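What follows is one structure encoded as structure tokens, with my remarks underneath.
Number of protein chains: 2
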Amino acid sequence: MDSSQLLKGVLDLAVLAVLAERDSYGYDVVRRLREAGLEDVGDASVYGTLRRLFKAGALTSYVVASDEGPHRKYYGLNDVGRSLLQTSAKTWTSFAATMNDLLKEVDPG
Amino acid sequence: MDSSQLLKGVLDLAVLAVLAERDSYGYDVVRRLREAGLEDVGDASVYGTLRRLFKAGALTSYVVASDEGPHRKYYGLNDVGRSLLQTSAKTWTSFAATMNDLLKEVDPG
DNA sequence: GGCTCTACTGCGCAATGCGTAGTACTGTGC
DNA sequence: GCACAGTACTACGCATTGCGCAGTAGAGCC
């Protein structure tokens, strides 16, 4: 199975999770997700997700000048985002539990 | 988050898992997935997945007449399917672990 | 001046789950 | 006999969303 498909519907959650820790900008979110283990995440996917979440009203946004390159567009969670994160996390956890249940009878050994 | 998106890339795995238990036909796979907790899975998605997996050479197929309705197209795992199931399960498990890691710092408690 | 790293945007594509309609067989109730 | 529900499958088109790639642009290094 192409692991990239697994991100569908979960990248939002992953992005919200890293933003919950602290405000961040696109390039940095990509780095942090990859460090967390999502090594194959595409940068365009993350930027797209940030834009989508912002458009959906879940994020605040502000621009900060940088010493080592172009300006950075920081994003942070607002109340909508925090609440979205909580409900999404619950949905994910319960879904993952269901899948693990389905799979446990499959264990090869 | 729309929980339907969570199925992306995972429905294959779920279908393979129920077929691993025993051979089954589309209508029955839908029922078993819903009983397992995937209540929102659409029937067309399952039929589509079965056709896709069959076309990919992961399933065998045979038709059986039924007493209580139209014929049933049974599907079962072959070697390719079993191996696909094993690798997909591993990929999923590791991915889920990564996500749980990301989320554990988010816990509202 | 060209190269790399940083940082973001936009375009179009591919995968896949879903809604809906359609076909068709069996059994039940009138 | 006929309408209807339950069973069982197929086909068409849509929406979502992650990705590849190209493009723009600033800062530092050679």
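Protein chains in written order, with this note's numbering: chain A, 63 to 171; chain B, 63 to 171.
Beta carbons are placed, not taken as given, at the ideal position from N, Cα and C, and that holds for glycine.
Predicted model only: the values in this text are computed from it and were never measured.
Closest by C-alpha distance to residue i, when choosing among the options
i	options	result
residue 120 of chain A	A/99, A/92, A/145	A/145
residue 139 of chain A	A/86, A/68, A/71	A/86
residue 74 of chain A	A/135, A/89, A/95	A/95
residue 130 of chain B	B/83, B/89, B/77	B/89
residue 168 of chain A	B/161, B/149, B/133	B/149
residue 84 of chain B	B/111, B/136, B/110, B/164	B/136
residue 102 of chain B	A/160, A/165, A/166	A/160
residue 110 of chain B	B/128, B/127, B/77	B/77
residue 113 of chain A	A/91, A/126, A/128, A/163	A/91
residue 82 of chain A	A/166, A/142, A/163	A/142
Three-state class that DSSP yields for residue i in the structure shown
i	result
residue 70 of chain A	coil
residue 77 of chain B	helix
residue 168 of chain B	coil
- Task: With a floor of 4 residues, list each alpha helix (DSSP H) that falls wholly inside the region 81-164 of chain A, ordered by position along the chain.
- Result: List check, alpha helix (DSSP H) in window: 88-98, 105-117.
Would you call the region 118-138 of chain B and the region 114-129 of chain A touching, i.e. three or more CB-CB distances under 8 Å? Put simply, the region 118-138 of chain B does not touch the region 114-129 of chain A. Fewer than three CB pairs are less than 8 Å apart.
Exercise. Okay, do the region 154-169 of chain B and the region 67-81 of chain A touch, 3+ Cβ pairs below 8 Å being the bar?
Worked result: Because the criterion of three Cβ pairs below 8 Å is met, the region 154-169 of chain B and the region 67-81 of chain A touch.
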